[in-house]
Amino acid sequence: MTNLLEVENLTVKFPTRNGMFEAVRDISFSLGRERLGIVGESGSGKSITGRSILRLIRRPGILEATRIALEGEDLLKKSEREMRKIRGHKISMVMQDPKFSLNPVMRIGDQICEAYRLHAKASKAEAREKSIKMLEAVLIRDPERVFNAYPHEMSGGMGQRIMIAMMLIPDPQILIADEPTSALDVTVQKEVLEIMDKLVRERGMGLIFISHDLNVVSAFCDRVLIMYAGRIVETCQADKLHEAKHPYTRGLLNSLPQLEHPVDRLAVLQRDDAWQTAPSVSGTLEADH
Amino acid sequence: MGFGRIAFTVAITMIGLLFITFIIGRVMPIDPVLSIVGESASKSTYDEAYRQLGLDKPVIVQFLYFLWDVVRGDFGESLLTARPVLDDLIRVFPATLELATVGTIIGVTLGVPLGVIAAVKQGTWIDHIARVVALIGYSMPVFWIGLIGLLVFYGKLGWIGGPGRLDIFYVDIIPTVTGMILIDSLLAGDTDVFWNAVSHIILPAGLLAYYSLAYISRMTRSFMLEQLDQEYITTARVKGLSEHAVVWRHALGNVKVPLITVIALSYAGLLEGSVLTETIFSWPGIGLYITTALLSADMNAVLGGTVVVGLVFVCLNIFSDLLYKYFDPRSK
Amino acid sequence: MSDISKHQKPSLREWLTSDAPTSRRQAKFSAWYRSWLALRSNPMAMFGLMILLFLLAIAAFAPIISPHDPFAQDLALRLSAPGENNYILGSDSLGRDILSRLIYGSRITLYIVALVALMAPIVGLFVGTAAGYLGGWVDVVLMRITDIFLAFPRLVLALAFVSALGAGIENAVLAIVLTAWPPYARIARAETLTIRNADYIHAIKLQGAGALRVITKHIWPLCISSLVIRVTLDMAGIILTAAGLGFLGLGAQPPSPEWGAMISAGRQFILDHWWVATMPGLAIFTVSLAFNLLGDGLRDVLDPKKSGK
């Protein structure tokens, strides 16, 4: 069986006053019907990687890759018009802060219906019915009221659930979740993640979970890519994260406080310039080789 | 902001406006008594008129009298037309309203799309052209370009009507209903008058439209650039929306809100500021009325005109606030 | 690149573009230099700047470059077309050389613009910082007054003042200042409000600085840059208002070669002698366009947020 998504030699560059800045440098990975975590600090290129898959790198950024294939079809060869049929319909994305990622002057229902009707031929009434069902699926208690409400009337947790509903309503095969809970209160983070996790698994989708939080990633993912300075420095199974070998991953792990093994002083991450220049590790599924 | 507070703000602003107007009227070097009784009047006639005008009372009392008169809609009589100023204002205001409205409609229909396109194509030649078009608009002296326009399109080419609202043989054919000839002629079903009015309004309204276009397109562009940077725009793209829908539905939907204030401001500017345009085109509106009155020391007319213009400005501001609240769900 | 500058004495250019300034002076000059580089890369702004420098030169050397005496009448050669009888841009209804009058008129234009551009922001700065810093009822009263002036039709107010004070350049300047200060007061107040609660202001106050000292030494300098941008953008408007007053006969009085008054004088001959009104109009347009081009470029450089770049 082919992988859902295959990314080969992806590089993303931005021209700056001091020459080209490479945000992502020659990385390759693949995604099956699994939950793949991408972990890294801010600026490591993980969000850019997510957006590259949708070909949503804004000018003047430059995206280069040998291949970005969805079920064997190369997305790089598609026209912008064909790409629009992929976005939302096949690959969707949930972003960080629902306060900014929902249109403030459009009713929530209209925004969800818009996402649905764009890819499915449906009447307004059908779209409405389907949207309400979707809102129920993300455990929103009063979907009728929320349907007619505006985003600013919602809490962060509600907003992110709405966002998930909106992104899953066209039934995509891949969901990219870009720091979906970083802007939320700690108390609702887990709730939102569980809703997302359940829906993704029920539908047999692939999930790319982008986060800076090692704990969350190891709990919610099957496999993890660790990015540093635009490269993948290590890849491993999520449940074997504690066995990771790369000094950067080890450093990250060591700097986390642990309840069972309290230490007086948490380790500070020591960086090595060599990490920046070392070639990327392949993140493709081992089963393929 | 509650209704009471709005009313209070309006009242304070209006009183301030009236006070400044009143002071200007007081310090005018031209003697209002002399201009009524004439140079050759005797001392007793002069004193009589002086008392009748209330000039022997303290300034503050005079101001209160003035205020009371304004509240009753009594601006006195115009020296020039020998009619109540209020009647004059009711007669001239529709002409200004017509001109400013046509100008604003043209300015908005062209200016908003121009601004949107300039923002979407930021940094390209379209953006540069839009910028130059706007800057030229900001730089053109209206009294000059109006003259040149009249010279070329009326004097040499004869494509348009000359100064004034109508050719002389069309004047007073149709009954006055709204005072706006374009509307009145249509109400009367007289297309000849309508097209003649169009040929007269096209150049002055076009010039005013250019000014409002310059302002509105620049503001639209900067609002759009701000909105196109927002995360919900990415969301819209992730959904698979076309660039057209992203720009015109999502981004412009958000720009609409601050744009209302800009359009209201520009409309107010055209209503009050078309003094020079009205002078050049002999357009019998409020700007020309105030200027003529000023130059002939017709203080009642000046004060009345200024008060009405100020009132219009304040009302438009409140109206745009209300529209803002209506269109922005966050302010409810 | 930083290695080189460490070991050798840096060239002026390197000193100016250094990423790690070693003194406050260097940081300041370096910021100016970068702004200048950004402005220089904007061809339209540079075009505007060149026109303005040209205008300054013309005004400075007016007596040398004018081909004729701007006031000398020659009724026999009145209303000569451009190029005719040695008049490059033609002559007016009294047979005066239009080009020479335009050259001398640039002095009047610059004079008015300079005076207004100095006075209006200063009035606005006083009112705005006082309102913003003192707060309370002072703020309420001052801002209410500002709003009242803003609500006034600007040209009508200027007209009323000039006709009250008497026509003339100085009174025209006063009238324009009177209508132009409110926006500056608003800007200065907004800046003051953001600065007022900064920690360093508290620190200065704890050291015993009084309101006057805080305002003059610490708030005013920080308001200047946003005021300067606004003034540059307003210059064209000032020129147009001044010319408008001149056109209505309320600005500079004849025989002074003020551009607006020249258009007004040419108005009655427009059908047969187009150049009399056209030439001064072109002059006004060129100068205000130059100010607009420069102002627009300056805003892009100094206030990147507002231009959206």
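Chains as they are written, first to last, in this note's numbering: chain L, 1029 to 1317; chain P, 10 to 341; chain F, 79 to 387.
Every residue, glycine too, gets a C-beta built ideally from N, C-alpha and C.
Stretch pair the region 213 to 223 of chain P + the region 111 to 129 of chain P: three plus CB contacts closer than 8 Å: Yes, the region 213 to 223 of chain P is in contact with the region 111 to 129 of chain P.
Short CB-CB distance (under 7 Å) between PRO1 of chain P and chain F: Residue 1 of chain P is absent from the structure shown; chain P starts at 10 and stops at 341.
The region 311 to 326 of chain P: positions lying closer than 7 Å to chain F by Cβ: Cβ contacts with chain F come from VAL311, THR315, VAL318, GLY319, PHE322, VAL323.
Sequence-distant residues of the same chain with beta carbon closer than 6 Å to VAL309 of chain F, five excluded per side: Same-chain partners within the cutoff: ALA195, PRO199.
Partners in chain P for ALA229 of chain F, counting only beta-carbon separations shorter than 7 Å: Within chain P, the residues near ALA229 of chain F are THR22, LEU26, GLY319, PHE322, VAL323.
Residue closest to ILE299 of chain P, alpha-carbon to alpha-carbon, out of F:LEU326, F:ASP312, F:ALA209: Residue F:LEU326 is the option with its Cα nearest to ILE299 of chain P.
Counterpart residues of ASP78 of chain P in DSSP-defined beta bridges: Beta-bridge annotation (DSSP): ASP78 of chain P is not paired with any residue.
Buried or exposed (CB count within 10 angstroms, at least 16 for buried), THR1039 of chain L: By the Cβ-count criterion, THR1039 of chain L is buried, with 16 or more other Cβ atoms from all chains shown falling within 10 Å of its own Cβ.
Rounded straight-line distance, which links the Cα of THR1263 of chain L to that of ALA1315 of chain L: Because the pLDDT of ALA1315 of chain L is 41, which lies under 50, any placement of that residue in the model is unreliable, and the number read from its coordinates should be weighed accordingly. Looking at the two C-alpha atoms, the distance is approximately 14 Å.
Min CB distance VAL247 of chain P to chain L below 7 Å: Judged by the 7 Å Cβ criterion, VAL247 of chain P is in contact with chain L.
Where LEU1203 of chain L falls: helix, strand or coil (DSSP): In this structure, LEU1203 of chain L counts as strand in the three-state DSSP scheme.
Residue range of the alpha helix (DSSP H) that includes ASN275 of chain F: Counting along the chain, ASN275 of chain F falls outside any alpha helix (DSSP H), and DSSP gives it neither H nor E.
PRO1132 of chain L: contacting residues in chain B (beta-carbon distance under 8 Å): Absent here is chain B; the protein component of the structure consists of chains L, P and F.
Delimiting residues of the alpha helix (DSSP H) encompassing PHE369 of chain F: Segment 353 to 380, the alpha helix (DSSP H) holding PHE369 of chain F.
Outcome for TYR278 of chain F when other beta-carbon atoms lying within 10 angstroms are tallied against a minimum of 16: Under this definition TYR278 of chain F is an exposed residue.
Minimum C-alpha distance to TRP259 of chain F - residue among F:ASP374, F:ASP225, F:ALA98, F:ALA242: Nearest option by C-alpha distance: F:ASP225.
Buried or exposed (CB count within 10 angstroms, at least 16 for buried), LYS1118 of chain L: Answer is buried; the Cβ neighbour count reaches 16.
CB contact check: ALA250 of chain F to chain P, cutoff 7 Å: Judged by the 7 Å Cβ criterion, ALA250 of chain F is not in contact with chain P.
Contacts around LYS387 of chain F, its chain only, beta-carbon distance under 7 Å, and the 5 residues preceding and following it disregarded: In this prediction, LYS387 of chain F scores a pLDDT of 33, lower than 50, which makes its location untrustworthy; the coordinate-derived value is nonetheless stated afterwards. If you ignore the 5 residues before and after LYS387 of chain F, its C-beta comes within less than 7 Å of the C-beta of ASP378, all in its own chain and listed in chain order.
Cβ of HIS253 of chain P within 7 Å of any chain L Cβ: The beta-carbon of HIS253 of chain P is placed no less than 7 Å from the nearest beta-carbon of chain L.
Selection from F:ILE297, F:GLN285, F:THR257, F:SER96 that minimises the alpha carbon distance to ARG274 of chain F: Nearest C-alpha to ARG274 of chain F: F:ILE297.
Cβ neighbour criterion (16 or more within 10 Å) applied to THR301 of chain P: By the neighbour-count rule (16 or more Cβ atoms within 10 Å), THR301 of chain P is buried.
DSSP three-state assignment for HIS1317 of chain L, whether helix, strand or coil: Confidence is the limiting factor: at HIS1317 of chain L the pLDDT is only 38, short of 50, which leaves the residue's position unreliable and the question unanswerable from this model.
Contact with chain L by VAL244 of chain P, beta-carbon distance below 7 Å: For the record, residue 244 of chain P in the displayed sequence is Thr; it is not Val. Using a CB distance cut-off of 7 Å, THR244 of chain P counts as an interface residue toward chain L.
Simplified DSSP assignment, three categories, for LEU117 of chain F: If DSSP states are grouped into helix, strand and coil, LEU117 of chain F belongs with the helices.
Where the alpha helix (DSSP H) through LEU108 of chain P begins and ends: First-last of the alpha helix (DSSP H) with LEU108 of chain P: 94 to 129.
With 16 other Cβ atoms within 10 Å as the buried cut-off, status of MET128 of chain F: That one is exposed.
Within chain F, the residues that GLY164 of chain P reaches when beta carbons sit closer than 8 Å: Within chain F, the residues whose beta carbon sits less than 8 Å from that of GLY164 of chain P are ILE348, LEU349, listed in sequence order.
Outcome for THR22 of chain P when other beta-carbon atoms lying within 10 angstroms are tallied against a minimum of 16: So THR22 of chain P counts as buried.
Residue-level contact to chain P via CB, ALA314 of chain F, 7 Å cutoff: Yes - at least one Cβ of chain P is within 7 Å of the one on ALA314 of chain F.
Which of helix, strand or coil DSSP assigns to ARG222 of chain F: Helix.
Interface residues of the region 267 to 299 of chain P facing chain F [CB-CB below 8 Å]: Cβ contacts with chain F: GLU281, GLY282, VAL284, LEU285, THR288, GLY296, ILE299.
Contacting residues, own chain, Cβ-Cβ under 6 Å from LEU1378 of chain L (five flanking each side not counted): In the structure as shown, chain L begins at 1029 and stops at 1317. Residue 1378 of chain L is therefore absent and cannot be evaluated.
Counted within 10 angstroms of its Cβ, other Cβ atoms place MET357 of chain F as buried (16 or more) or exposed: Result: buried.
The region 226 to 241 of chain F touching the region 279 to 298 of chain F, judged by at least three CB pairs closer than 8 Å: These segments do not touch.
Length-filtered (4 minimum) alpha helix (DSSP H) runs lying within the region 1077 to 1163 of chain L: As far as the region 1077 to 1163 of chain L is concerned, its whole alpha helix (DSSP H) runs of at least 4 residues are 1108 to 1114, 1126 to 1129, 1136 to 1147.
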